[in-house]
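Numbering (the numbering used here), first residue to last: 190 to 391.
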């Protein structure tokens, strides 16, 4: 969820937005299992995997919307929401790469961005700052990728519907990867400014 500084935060745990975020986290291993089941001799469950992914997208929208409307923005929610986003991205990367739907170079590009963000979080913690907040650009990148992945999964069959899915899937993948890196670079700039301000204050 996109956190607004001007809104009051709460330490409550059992809020509806937090429960939605927790449900999204529970869905991550289910989603990955459904994608990879055919690789272990099981039936093709791509449609069920798409359903889980669609439900996660709906809950992702609702948790932020309800948190802002009901003034239930919480410290836990600030952690759960981006964690669920990243875990869905990572699990989808693992599943689609294992299924050879995504090329290794695209997976490497997205994982490199995640590694860069982990380094930035480590630097922030060393200077006593919390992890960077989710910004609009980062959320837009995630939405693009969450559109791209199910479309690419759908394209792993024959027929005109799957060919159209491939075209749109790769378009969203390109936009999402670009925005993902752009948002990551902005985080780096933000971290650099904070560290520089600390150095100047000292």
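Backbone N, C-alpha and C define an ideal beta-carbon position, used for all residues, glycine too. Note that this is a predicted model, so its numbers are computed, not measured.
Candidates the options: closest to residue i by CA position
| i | options | result |
| --- | --- | --- |
| residue 300 | 213, 366 and 232 | 366 |
| residue 334 | 357, 230 and 253 | 357 |
| residue 290 | 369, 384 and 362 | 362 |
| residue 207 | 340, 387, 383 and 251 | 251 |
| residue 231 | 293, 237 and 223 | 223 |
| residue 271 | 360, 213 and 318 | 213 |
| residue 336 | 354, 347 and 349 | 354 |
| residue 246 | 276, 287 and 344 | 276 |
| residue 379 | 203, 257, 320 and 279 | 320 |
| residue 233 | 346, 295 and 253 | 346 |
| residue 322 | 218, 389, 258 and 265 | 265 |
| residue 253 | 310, 313, 209 and 382 | 209 |
| residue 279 | 371, 203 and 218 | 218 |
| residue 211 | 267, 381, 257 and 273 | 273 |
| residue 359 | 295, 383 and 309 | 295 |
| residue 381 | 370, 349 and 318 | 318 |
| residue 288 | 227, 383 and 370 | 227 |
| residue 384 | 311, 267, 255 and 225 | 311 |
| residue 256 | 364, 371, 313 and 203 | 203 |
| residue 478 | 371, 370 and 225 | Since the first residue of the chain shown is 190 and the last is 391, residue 478 is not available in this structure. |
Counted within 10 angstroms of its Cβ, other Cβ atoms place residue i as buried (16 or more) or exposed
| i | result |
| --- | --- |
| residue 281 | buried |
| residue 249 | buried |
| residue 315 | exposed |
| residue 260 | exposed |
| residue 216 | buried |
| residue 269 | buried |
| residue 331 | buried |
| residue 194 | Residue confidence for residue 194 is low, a pLDDT of 40 falling below 50, so the modelled location carries little weight and cannot support an answer. |
| residue 205 | exposed |
| residue 284 | buried |
| residue 386 | exposed |
| residue 399 | Absent from the structure is residue 399, since the part of the chain shown begins at 190 and ends at 391. |
| residue 238 | buried |
| residue 220 | buried |
| residue 292 | exposed |
| residue 297 | exposed |
| residue 388 | exposed |
| residue 368 | buried |
| residue 338 | buried |
| residue 192 | For residue 192, the predicted model reports a pLDDT of 38, less than 50, meaning its position is unreliable; a value from the coordinates is still stated below. Result: buried. |
8 Å contact criterion, which residue i and residue j should meet: CB distance rounded
| i | j | result |
| --- | --- | --- |
| residue 343 | residue 351 | 6 Å |
Quiz item: Would the segment 318 to 327 and the segment 370 to 381 be scored as touching if the rule is three or more Cβ pairs under 8 Å?
Solution: yes
Quiz item: Does the segment 242 to 258 touch the segment 301 to 320, meaning 3 or more C-beta pairs lie closer than 8 Å?
Solution: no
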